[in-house]
Amino acid sequence: MNDVRQPAELHLPMAMSISEAIRVINTPPPIPTSYQPVLFYLDPDPVRLRQRSNEIQLRDITSRTDHFLYARAREYAWSKRQTNQVRRTLKVLQLVFPGANLRFRASDILTMRSYDDGSNIRSTIEVLEDSGLLIDDRVPSFTKLFERKTHALPEPMRSQLELWRDIMVDGSKTPPRRQPRDTMTVKGQMYGILPAITRWVEDGRTSLVGISTDDILAALPDDPSRRHTMLLGFRTLFTILRGRKQIFIDPTKAIPLRSPRRNMPLPMEPTAIRDALVNPDPAVAMAVSLVAFHALTTQQVQHIHLTDIIDGRLRMPDGRDIPLAKPVRVRLSAWLDHRAKRWPETKNPYLLVTVQTAPRLSPPSRNFPWKKAGVTAQALRTDRILYEVEQTGGDIRRICDLFGISVEGALRYTATGQTAIKAGPIDQLLPAAAR
10 MNDVRQPAEL
20 HLPMAMSISE
30 AIRVINTPPP
40 IPTSYQPVLF
50 YLDPDPVRLR
60 QRSNEIQLRD
70 ITSRTDHFLY
80 ARAREYAWSK
90 RQTNQVRRTL
100 KVLQLVFPGA
110 NLRFRASDIL
120 TMRSYDDGSN
130 IRSTIEVLED
140 SGLLIDDRVP
150 SFTKLFERKT
160 HALPEPMRSQ
170 LELWRDIMVD
180 GSKTPPRRQP
190 RDTMTVKGQM
200 YGILPAITRW
210 VEDGRTSLVG
220 ISTDDILAAL
230 PDDPSRRHTM
240 LLGFRTLFTI
250 LRGRKQIFID
260 PTKAIPLRSP
270 RRNMPLPMEP
280 TAIRDALVNP
290 DPAVAMAVSL
300 VAFHALTTQQ
310 VQHIHLTDII
320 DGRLRMPDGR
330 DIPLAKPVRV
340 RLSAWLDHRA
350 KRWPETKNPY
360 LLVTVQTAPR
370 LSPPSRNFPW
380 KKAGVTAQAL
390 RTDRILYEVE
400 QTGGDIRRIC
410 DLFGISVEGA
420 LRYTATGQTA
430 IKAGPIDQLL
440 PAAAR
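Position 225 (the sequence shown) corresponds to 234 in my numbering; numbering is contiguous.
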């Protein structure tokens with residue numbers, strides 16, 4: 010029974026609706042206009058840090074990230090261990106950076122690797138990015154390398170090289186337009202031109218404006234390969250500077266660009282191929298068989314999808330339909346069994362999967378699994394093409410159609426005048442039990 014002596018409950022109007030309140034809570038805080046740099050780094054005690062992360066209930070960060078954490082865990086079939094590992098890393102992150110205003114810099118997160126071995130940095134960054142709490146200030150590795158190599162160069166030469174680097178890496182949509190190049194290509198050209206630029210700086214040059222054709226000819230090395238790399242780098246450099254009106258003339262136009270001297274393709278020793286084909290690692294055995302029998306490139310093996318293989322045939326991006334050899338199918342079946350047993354819930358669409366790529370949708374690195382193979386993919390590919398050249402009598406059209414290479418590339422193999430060391434087909438190199 011209500012007590013009439015008690016005052017009636019006071020009902021005040023709500024300041025905002027429930028949906029508006031949820032929207033305010035979920036809205037990430039603004040990015041601060043200023044950033045206090047760290048005076049000096051002092052790694053915390055990892056044992057104490059791990060203990061506090063388990064004892065203290067930190068709800069500020071987990072209340073904002075749990076939804077995105079569990080959604081990503083479900084989407085990419087994360088294990089319970091990985092999910093808990095990321096959640097603990099988020100708590101540790103808030104302990105180490107309590108004044109981050111719930112927005113964390115990627116560079117600060119990467120420093121946790123030095124004192125917290127149990128953290129999952131990559132997955133934590135992905136969760137923070139999904140939840141809008143990440144300030145991505147990561148610097149590409151090539152940019153760091155370029156800064157180390159050019160920081161001592163004088164101005165405006167350094168700015169001219171930075172302009173070349175930016176257009177080569179990112180491309181340009183304004184005239185003169187240019188497609189972006191692979192970082193490894195730009196890196197090779199950078200190493201090619203740096204010796205000449207360093208000598209010019211030692212001679213008192215501070216700009217690339219006054220560089221003449223004679224200066225470039227005097228700087229070119231005698232080795233054909235190094236000469237080709239340096240001249241190619243200078244061509245792209247001065248072409249870009251001329252297009253951006255940084256220089257008046259292109260001094261490389263009068264210098265012909267000759268092809269570099271290439272090594273003669275040679276076959277491999279049969280024992281090396283045999284040992285790689287019977288490697289106990291199913292990933293190594295499968296990748297080696299794909300290259301040894303069908304001469305695939307490293308990039309092609311790296312980007313094979315599960316859906317590209319149907320009824321023992323491999324569909325290539327260029328439209329070729331390759332019937333897989335029996336030894337390849339045997340090793341493919343062994344790898345698929347291992348893949349299903351090791352990562353039964355993975356959503357990764359690529360044929361090759363690693364511990365790092367299983368909870369994601371990205372392909373493996375170009376070095377997997379060749380670091381453990383004992384042979385290189387290029388050597389296996391060369392050996393396979395040379396064997397086909399020997400068996401077909403140097404039929405250029407057949408070589409081009411079978412391996413998807415150009416006429417110029419096929420001529421490089423047919424012009425060697427070499428024959429394969431093997432006495433028979435490659436499947437005869439295998440023991441009967443491994444075929």
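For every residue, glycine included, the Cβ atom is placed at its ideal position computed from N, Cα and C.
Check your understanding: Is the number of C-beta pairs between the stretch 106 to 125 and the stretch 151 to 168 that are closer than 8 Å three or more?
Key -> Counting Cβ pairs under 8 Å, fewer than three are found: no touch.
Which of helix, strand or coil DSSP assigns to Leu143: Strand, per DSSP.
Check your understanding: Is the stretch 269 to 280 close to the stretch 206 to 220, with three or more CB pairs under 8 Å?
Key -> The stretch 269 to 280, when compared against the stretch 206 to 220, does not touch it at the 8 Å Cβ threshold.
Among residues of its own chain, excluding the 5 on either side of Gln188, which ones have a beta-carbon nearer than 6 Å to its beta-carbon? These residues qualify, in order along the chain: Gly180.
**Message:** I need the DSSP call for Pro332, collapsed to helix, strand or coil.
**Reply:** Of the three classes helix, strand and coil, the one that applies to Pro332 here is strand, per DSSP.
### Query
If you count every other CB in all the chains shown that lies within 10 Å of the CB of Met457, and 16 or more means buried, which is it?
For the chain, the structure presents residues 10 to 444; residue 457 sits outside this window and is missing.
Alpha-carbon to alpha-carbon, Leu360 and Ala343 = So the alpha carbons of these two residues sit roughly 12 Å apart.
Review point. For Leu162, which option in Thr120, Gly213 and Glu135 has the closest C-alpha, if you only look at C-alpha atoms?
Key: Between Leu162 and the set Thr120, Gly213 and Glu135, the nearest pair of CA atoms involves Gly213.
- [ ] Report whether the distance from the Cβ of Phe77 to the nearest heavy atom of the ligand HEM is below 8 Å.
- [x] Among the ligands in the structure shown, none appear at all, so the ligand HEM cannot be discussed.
Looking at the unbroken beta strand (DSSP E) that takes in Arg322, where does it start and where does it end?
-> Residue range Arg322 to Arg324 is occupied by the beta strand (DSSP E) that includes Arg322.
Checking 9 Å against the spacing of the C-beta atoms, do Ser371 and Asn357 come in under that value? Judged by their CB atoms, Ser371 and Asn357 are nearer to each other than the 9 Å cut-off.
(Q) Considering just the uninterrupted stretch of the alpha helix (DSSP H) at Lys254, what are its terminal residues? (A) Where Lys254 is concerned, there is no enclosing alpha helix (DSSP H), given that its DSSP letter is neither H nor E.
| message | Would you call the stretch 146 to 164 in contact with the stretch 90 to 103, where contact means no fewer than 3 C-beta pairs closer than 8 Å? | response | These segments do not touch.
Notebook entry, point to check: Whose CA, out of Pro368, Thr316, Lys335 and Asp320, lies closest to the CA of Pro326?
Noted result: Per the Cα distances, Thr316.
Asn272 burial status per 10 Å Cβ neighbour count (16 or more: buried)
Asn272 should be labelled exposed.
Going by DSSP, what residues sit across from Leu314 in a beta bridge?
It is His, not Leu, that sits at residue 314 in the sequence shown. The partner list for His314 (beta bridge, DSSP) reads Tyr359.
Assuming Ile246 and Ile176 form a contact by the criterion Cβ under 8 Å, report the distance between their Cβ atoms to the nearest whole angstrom. It should be noted that the sequence gives Leu, not Ile, for residue 246. Taking the Cβ atoms as the reference, Leu246 lies roughly 10 Å from Ile176, outside the contact range of under 8 Å.
Assuming Pro260 and Ile225 are in contact, meaning their beta carbons sit under 8 Å apart, how far apart are those beta carbons, in whole angstroms? Indeed they touch by this definition, with Cβ atoms about 6 Å apart.
Under a three-way DSSP split, which group does Arg407 fall into? The answer is helix: DSSP assigns Arg407 an H, G or I state.
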